[in-house]
Amino acid sequence: MSEGVNLGFPAFADVPRTDVAQSAKDFKTDQEVRWCPGCGDYAILAAVQGFLPELGLRRENIVMISGIGCSARLPYYLNTYGMHSIHGRATTIATGLAATRPDLSVWVITGDGDALSIGGNHLIHLLRRNVNVTVLLFNNRIYGLTKGQYSPTSELGKITKSTPAGSLDAPFNPVSLALGAEATFVARAIDSDRKALTSVLRAAARHRGSSLVEIYQNCNIYNDDAFALLKDPNTRDDWTIRLEHGEPLRFGRDGTKAVIRDPGSGALAPAEDVDADDPRVVVHDASAEDPSYAFALSRLSGSDLRYTPVGVFRSVSRPTYDELMREQVSQAEKANGGDLAGLLRGPDAWSVG
Amino acid sequence: MSEGVNLGFPAFADVPRTDVAQSAKDFKTDQEVRWCPGCGDYAILAAVQGFLPELGLRRENIVMISGIGCSARLPYYLNTYGMHSIHGRATTIATGLAATRPDLSVWVITGDGDALSIGGNHLIHLLRRNVNVTVLLFNNRIYGLTKGQYSPTSELGKITKSTPAGSLDAPFNPVSLALGAEATFVARAIDSDRKALTSVLRAAARHRGSSLVEIYQNCNIYNDDAFALLKDPNTRDDWTIRLEHGEPLRFGRDGTKAVIRDPGSGALAPAEDVDADDPRVVVHDASAEDPSYAFALSRLSGSDLRYTPVGVFRSVSRPTYDELMREQVSQAEKANGGDLAGLLRGPDAWSVG
Amino acid sequence: MVKQVEQRDRVVIRFAGDSGDGMQLTGDRFTQETATFGNDLSTLPSFPAEIRAPAGTLPGVSSFQLHFADHDIFTPGDAPDVLVAMNPAALKANINDVPRGATIIVDTHDFTGRALQKVGYASNPLTDDSLSSFQVHAADLTEITTRALESFGLSRKEAARAKNMFALGLVSWMFHRPAQGTIDFLKSKFASRPDIAAANVAAFHAGWNYGETTEAFAVSYEVRPAALPAGTYRNITGNIALSYGLIAAAQRAGLPLFLGAYPITPASDILHELARHKRFGVRTFQAEDEIAGIGAALGASFGGALGVTTTSGPGIALKSETIGLAVTLELPLLICDIQRAGPSTGMPTKPEQSDLMLAMHGRHGEAPVPIVAARSPGDCFHAAVEAVRIALTYRTPVFLLSDGYLANGSEPWAVPGVSELPDLHVDFATEPNHFDGDAASFWPYLRDPDTLARPWAVPGTPGLEHRIGGIEKADGSGNISYDPANHELMVRTRAAKVAGIARSIPALDVDDPADADGRTADVLVVGWGSTFGAITAGVRRVRKRGMRIAQAHLRHLNPLPANTGEMLRSYRRVVVPELNLGQLAGMLRADFLVDAVTYNKVRGQPFRAEELENVFESLICDAAEDAHV
Amino acid sequence: MVKQVEQRDRVVIRFAGDSGDGMQLTGDRFTQETATFGNDLSTLPSFPAEIRAPAGTLPGVSSFQLHFADHDIFTPGDAPDVLVAMNPAALKANINDVPRGATIIVDTHDFTGRALQKVGYASNPLTDDSLSSFQVHAADLTEITTRALESFGLSRKEAARAKNMFALGLVSWMFHRPAQGTIDFLKSKFASRPDIAAANVAAFHAGWNYGETTEAFAVSYEVRPAALPAGTYRNITGNIALSYGLIAAAQRAGLPLFLGAYPITPASDILHELARHKRFGVRTFQAEDEIAGIGAALGASFGGALGVTTTSGPGIALKSETIGLAVTLELPLLICDIQRAGPSTGMPTKPEQSDLMLAMHGRHGEAPVPIVAARSPGDCFHAAVEAVRIALTYRTPVFLLSDGYLANGSEPWAVPGVSELPDLHVDFATEPNHFDGDAASFWPYLRDPDTLARPWAVPGTPGLEHRIGGIEKADGSGNISYDPANHELMVRTRAAKVAGIARSIPALDVDDPADADGRTADVLVVGWGSTFGAITAGVRRVRKRGMRIAQAHLRHLNPLPANTGEMLRSYRRVVVPELNLGQLAGMLRADFLVDAVTYNKVRGQPFRAEELENVFESLICDAAEDAHV
Ligand SMILES: Cc1ncc(C[n+]2csc(CCOP(=O)(O)OP(=O)(O)O)c2C)c(N)n1
Ligand SMILES: Cc1ncc(C[n+]2csc(CCOP(=O)(O)OP(=O)(O)O)c2C)c(N)n1
Ligand code: SF4
Ligand code: SF4
Ligand SMILES: [Mg+2]
Ligand SMILES: [Mg+2]
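Residue numbers (numbering that gives the first Met the number 0), protein chains in the order written: chain V, 0 to 352; chain U, 0 to 352; chain E, 0 to 628; chain A, 0 to 628.
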């Protein structure tokens, strides 16, 4: 089935390729985009539309599955196959699809409520199974579609319609949660930083297995400026830690800040005014087998967003569920091709007449 | 309401105490215990019955909520209030109960299927909320009650009724998962080691907030000897790392093994023949705010059980959901006690006639 | 200029604009002024599913319809007498509902090439004569507003935002509405931005004066206050009334109220409202999903609170398993379903009555649950109190059905006195109830012989320690039992308990006024839920035309009132109008073998009085023909 | 010693012992021997909910009943002619079902003080004369077995374990069963432990010889092979037949089979069975819960596989929301509900027919789903094929109802030839289907005018890229639509599609043989599902007694066969026996206004032929009286 050249996306080794050059326009549909003006979802959509041509896949072999939420509208705006399913369950549908169709590139589009509240269980199971699916989690730290209740990523004490006196529950850190759930690929990006977002999308698409991409997304209606610290040109460089595999974790406007490891306790911490050759500066290793390092990275930032790592936290390889399933099936088929009549008759049949 | 002396279980500060001496017998019911002969559940039941008197609480203020599974039968055998609910949902029921009744000691009894498969989402949300509930997770790495399918903690490649060619999905590490979900208390124990189990139960009970206790439990019918490595007197000491707060992580038959920290990478690893004064030996700190250390500990063992830490991984304090909720309610009540007639009339009423 | 004043007995007005234009607020304020003035009224807000659909598009139109009158009325009106359209999309989306001769007030500001095109107008409807059968008042309200606010130092955009208050001022003048409430409201709403408050007040006055002074408006209208029964009234929406009903019921029961809920349209506002009333001991828990919401509510009930969960159809589907558990645990629990158009995600902002069968049958096994339905926004209060009464008395989960139409619609509501509310005091079990020789013990399934309710013994009660669960229980002791005869007994007892609730509810009341000759009707119309208003209006219309028709409305759907069968059988024709494909009709047919005629509508819209009038009329004629054969 | 041989036309035998005693295996083997011998047969296994309840207790008793005959039979028998009781608990738990005069074979080994006490025997029933009305053969079978195996070098405990094979040998002798199958079976089952295999074979022989030589057994019995229609037969349980039906249907459709399931009694065995047949391209996915199970199945269907999910009542409750999605997506999907006694956890190992209303109505909104029910273990195969046919043809989720009784019970099954199975080949969409001038596009909701099915265009098909979802869709294009008229159209079209399936199913077949005088019956009995056997047996009994009764059994519950109403109305009395509180009866009453009489049983047990015989008889008499009035 495969055509064209494999450009190095192992996740799509079995997905038919196209030789026809594609552009973002090819991925647009005739449906009017219906997000609020100014919503961060527009930027993400544009980044996805801009990136997909790079995959070089046939459009008909790409499938977008979403749950419910503002973000979940995205499939309608991408000229691929798509399903806008029900709240929290897109991951389950994607699992069945990916398990049966190696020739498809399957994406899940979800929100912080969809993925982490009602859909939390399916997400963690998807990650542990390592089904070949790329999950884009639009985290606006609020329920947009239902008009502004707090979400499992809202900061403690959040005042919303449903919590007029402030929310009471500590939020999830989606990256920590994913790592605790045996995820093989975890990354974070920001809606407005198109370049970094595209690079994370690229890495996620490249990964064979489940990829979780948390995208900080501004909901300008119900949670405006939630990520201002990481977007405002005056502050963003001081609080954003860009993760590049093999590179030291230096950041800050003038690059004098860094993540260092305490030699005694082994703990990671941000530090100011770090010498260029300070040996304590951590060199980023997204491929570490042990997720403890990536987990420690994920703890650098809390819900106040100070010291937020952005980029790929972890990318390791492990057999995917769908692959293993296909192997079992094809081995059985080869060894012992299906003789239906034999199955029905069984070993103990007898004849009458 | 409180009577007796508070013996240092902050979790039960509001639970009425009894001065009457209790014994394990007081916690037995007239119901015949119906587990398979030899099942590890018996040992856990005995440990719980043996430990509860130590709490010094009135029996009527203890509530056991379970889901469905072999383990979930436990409440029938404890002479307290109890509910044998439905599969995976005990944590939700316990949340509602704990949120409304500070005068109760609420326990959840669950299995690896109940807590981590169907109930996974509720568990992680319970932990992040830090509701004042103690969860005993009987992990036998199998579905016992439904006669032996693999579970989310079964090792990869597990051959069971539902996976005759071997299971395909990487298991959860319940401790890692809980830590990724912001748990404030996480511990592990083994059914057959009554003393260590009791000490973990004690620590869990003492903790105010959600406590997760993973108990390795032998299902001698469908997964016999799953934990033999940690039980067999010939092997257990070489593979079990006992966690004691403030103590170095030394283990092994003769205490020559230890968990050491690589000063360069910060990674934890077990090592043999470690000198008594090797500075790389990790001293256990269950109270570290940053869960990264506990997470790293949790990764020492995989599903082959080699180098399994047992004891309290993490125990830190954070306001509990139920407490915060009660505070909000009582503040509102004090500030602005309920005038029902005023509420109904509202600000814009008018009169006719 | 002295303007003419005309008397009207009723007016239907609809405000329509972009979702960002503040039409809901405008409608709310006009409603409040109207309520204060003393008219009877009924409202129908309608908004798009998107938070902010792109400006100027048809899907982005938000509207608010209000019907007010000098007599008691039952619906938000079939068709607007006055349409206020703030842009081309609003005009286009609503014009088909407007009858000839009606008044249309249009903001012309956006009636330009691109904006017209966007909604599919080939030419400008304001100039191409297509509106000639209406009385059109077209003016650039936006422009007038910004000009009126020039002195306030606001940006053009900020100033233009006040155009809704300009429009409100204009129609307030037009219908002689009191203005003080709106002025006070604006001041308090924008308390932190006094300039904005002042600008909005000024816009409101400007609109009022525009009506008063412009020649365009020659006539204003008076609609006298309605002669409502004496009492204190307020305007109230269904979701607020339902929330208050829950609080009031909990207070009257002396129990803490615990709400476990997951947000979903159109139920979320109950969560929002209850969250504001912690001072009544209300605890609200926004759960991770619907299953956790009901689970927590059930846990709270086990602990002696009044456990409540609120949701809409998709949430009910998810809660089914836990409702089954509650049935067998026999604990009080309230499940509020604010129905919306299905199946699946359906049309979340549109009402439907299509969850009745789900409420009746949506559980595995024989798991009967009582059902109560509200009939009007204000009635949501009383329905909630009644549902709580059943839950507490019979120790059972209870369904309370409302829908998106009741949830957001409003009407004047006679505020009940607290002491008039039923006493819902609960007797918890405190003592052993089973005696075997000298040994006393507690049996959680020993029933009250009258109600068949089991005792509610809450944790913390010494001596009553017990365990309950979802496996079948032995009658009395509650121990696990697989005994076949016991299972049959328990299944039938649970069914009998729910059936027995009929003894505690009023008989079905049929309204069937005899005509001058003392003759009563041949046709009975039976409804349930939110169609009450439209059915009643339809019934009035046919009666006004001299025809006879009987009307009955079911508050209790399970069990039905004891006399239901008898009532149905005493009419030649029974018609059941429903916003579904005939769910109640199916129940009545199965229970009473009555050949009920169905009239069904599944458009995500309420019935109109006129359509029912027609349905009733033709049935009355049919029945009369039959009688003559 | 030459023993007497008696002829019998039918025998019911029940093996009972501790759950650890291997009674299910014993029963299975005896069944297999009996099947091979050529009798018609029907089985009823029964086991405790606990994995291993404490030894020697009543809840720990496991039993297996087998009815075999020289003619065709329909039930596992009302009462055992022979009871084999391996301990006091087994005797106590089963004795009430045994009619006077029946044979009881007892292992006396455990009839000692404590063991007797444990189950509440005040004195030893074997010696206190309480069994005097039975033919009791009491012997220490355990002791005899261990002695017989002394030479095998097994531990006493291991040797004692073979006592079930001793018992099997004994009854195999008693009924002249062929032994070779069992011997082969034991050798292969214990292939890795030849000593155990040999010991079991030896125990079997010892039992056989014990019967042959002991004077206690004077008579053995012969039950001739039944005259079944010509063909190839095998013994099959419902769950296996259902699994094979799914595989066969997928093969005949040329689609991969994808099962998404979460284990639950009594459905798990379908997952287990299908997991063994990967060679047919079957993929089984053990999901994290029921919601994920059906979600994955639906995802697979979207991708062009045959998506299936299997569960029991509590799982259906959880799947409701996703079933609603499947309804609106209009994708093929099979939902198998192996019903068990509810509500809630209920009695998981016991059958009931109480999920019919859940299948009909358990979704929010108007969300019709076709329902097919199996009538016997072997029929589960054909019902599965038919359910798949409907799902694929009409692009719809379909319910397949079985229950715990069918799931585990077995009967001889005429193995169908593969080519006799229907061709279920699917035409996927491959081309644009909508043309607007020159522009061709794909509309996912353009329907086949005949079936009203929409096209199934799977991802990977170039040019047919499209998006579908749970929000209401515009007719044809499938785009999101909030248009009221469109919603009404779609709701009614989905209903019409399901109703239209009636055109593809056979008319309801009423079996009503005229008597000698050419008169047909006054009473019609209508059943569905697993009660077929018992109803048929009951019908035969009353007919044998010279009374007339008509019988019809529904395979399709939604839609019902087109002639159902007509058939029902042509009888004076219609009776509907169900293992619930009257669910089908309610449907028939609502649809056809027929005053169907219900006969309900909710004991977690199937009907007995005798009880139905009595019910039928009294109804026939009533009807006759009516006729004479
Ligand atoms: C079963 C169910 N429960 C609740 C809802 C209502 N609902 C729709 S989206 C949503 C949350 C959306 O939040 P998020 O996933 O963060 O998406 P966002 O709108 O912020 O992009 C909720 C509660 C639903 N559609 N279905
Ligand atoms: C909704 C639902 N799905 C499935 C089941 C069947 N079921 C009961 S317990 C169980 C799993 C038990 O495994 P675990 O939680 O590990 O408990 P164990 O029996 O091993 O102690 C399952 C699948 C059920 N009772 N309810
Ligand atoms: S509500 Fe928020 S997330 Fe939703 S479309 Fe509007 S801005 Fe975006
Ligand atoms: S099946 Fe396993 S877990 Fe369950 S009672 Fe038996 S031994 Fe224990
Ligand atoms: Mg969000
Ligand atoms: Mg388990």
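A virtual CB, placed ideally from N, CA and C, is assigned to each residue, including glycine. Note that this is a predicted model, so its numbers are computed, not measured.
Cβ-based neighbour list, residue i, same chain, cut-off 7 angstroms, excluding 5 preceding and 5 following
i, result
"N78 (chain U)", "D25, F26, K27, T28, R58"
"A204 (chain V)", "F8, A10, L54, T133"
"R602 (chain E)", "none"
DSSP-derived helix/strand/coil call for residue i
i, result
"R13 (chain E)", "strand"
"K256 (chain V)", "strand"
"C335 (chain A)", "strand"
"D354 (chain E)", "coil"
"K27 (chain V)", "strand"
"Q23 (chain E)", "helix"
"I290 (chain E)", "helix"
"H66 (chain E)", "strand"
"R344 (chain V)", "helix"
"T79 (chain V)", "coil"
"D237 (chain U)", "helix"
"F294 (chain V)", "helix"
"A138 (chain A)", "strand"
Chain-order list of residues whose beta-carbon lies under 6 angstroms from that of residue i (same chain, five-residue window excluded)
i, result
"I370 (chain A)", "A358, F398, L556, N557"
"T519 (chain A)", "D511, A513"
"L6 (chain U)", "Confidence at L6 (chain U) is low in this model, with a pLDDT of 45, below 50, so the placement of that residue should be treated as unreliable; the coordinate-derived value is given next. These residues qualify, in order along the chain: G55."
Cβ-based neighbour list, residue i, same chain, cut-off 8 angstroms, excluding 5 preceding and 5 following
i, result
"A101 (chain A)", "A78, P79, D80, V81, L82, F133, Q134"
Supposed close pair residue i, residue j - CB separation, criterion 8 angstroms
i, j, result
"L258 (chain A)", "L273 (chain A)", "5 angstroms"
"C38 (chain U)", "N219 (chain U)", "6 angstroms"
"A413 (chain A)", "P228 (chain A)", "7 angstroms"
### Unbroken stretches of the alpha helix (DSSP H), 4 residues or longer, contained in the region 495-567 of chain E
Taking only runs of at least 4 residues, the alpha helix (DSSP H) segments lying wholly in the region 495-567 of chain E are 531-543.
### Task
Starting from the N-terminal side, write out each stretch of the beta strand (DSSP E) that is 3 residues or longer and does not extend beyond the region 400-477 of chain A.
DSSP runs (the beta strand (DSSP E)) wholly in the region 400-477 of chain A: 409-413, 433-435, 438-440, 466-468.
### Message
As an exercise, report each continuous beta strand (DSSP E) stretch of at least 3 residues that is fully enclosed by the region 166-234 of chain A, in chain order.
### Response
With a minimum length of 3 residues, the continuous beta strand (DSSP E) runs that stay inside the region 166-234 of chain A are 218-221.
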